[in-house]
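Residue numbers (this note's numbering): -7 to 84.
Glycine is no exception: its CB is placed at the ideal position from the N, C-alpha and C atoms.
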Amino acid sequence: MKDHIKILGMTYKVAEVECVNKEEMRKGEINFLTNEIRIDKNMPDDLKEQALIHEVLHAIFDLLGYEDLCTDENKVQGIATALHQVLKENAR
């Protein structure tokens, strides 16, 4: 997994960490103030990729000003799951 990713002109640091959030058992998390994405390193690679896509979508929706979509976890996860499947099944 890359340690940085560019999203709409902004650079985000990506880190695999031991535990993202003890209270909420999250797979990933984004900090919009520090441009950091944290992904749980103990997951299988497919889940890590899906979690990264999920957090990237949060960043995209935030940067585009789509607050309602950015804060809707079910929609973000649904889009992330679909995108991950399309990318994986069509990789060369």
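Tell me where the alpha helix (DSSP H) around Gly70 begins and ends.
Looking up residue 70 in the sequence shown gives position 78. Its alpha helix (DSSP H) spans residues 65 to 81.
What residue from Ile(-1), Leu61, Phe24, Arg30 has the CA that sits closest to Met17's CA?
To locate residue 17, count along the sequence shown from 1; it is residue 25. Nearest C-alpha to Met17: Arg30.
Taking DSSP as the reference, what is the three-state secondary structure of Lys5?
Translated into the one-based positions of the sequence shown, residue 5 becomes position 13. Lys5: strand per DSSP, three-state reduction.
Ignoring anything shorter than 4 residues, give me the alpha helix (DSSP H) runs that lie fully in the segment 5 to 68, in order along the chain.
Qualifying alpha helix (DSSP H) stretches, in chain order: 37 to 55, 59 to 62.
For Glu41, I'd like the list of residues in its chain whose CB is within less than 7 Å of its CB, leaving aside the five on either flank, ordered along the chain.
The residue given as residue 41 occupies position 49 in the sequence shown. Within the same chain, Glu41 has close Cβ partners His76.
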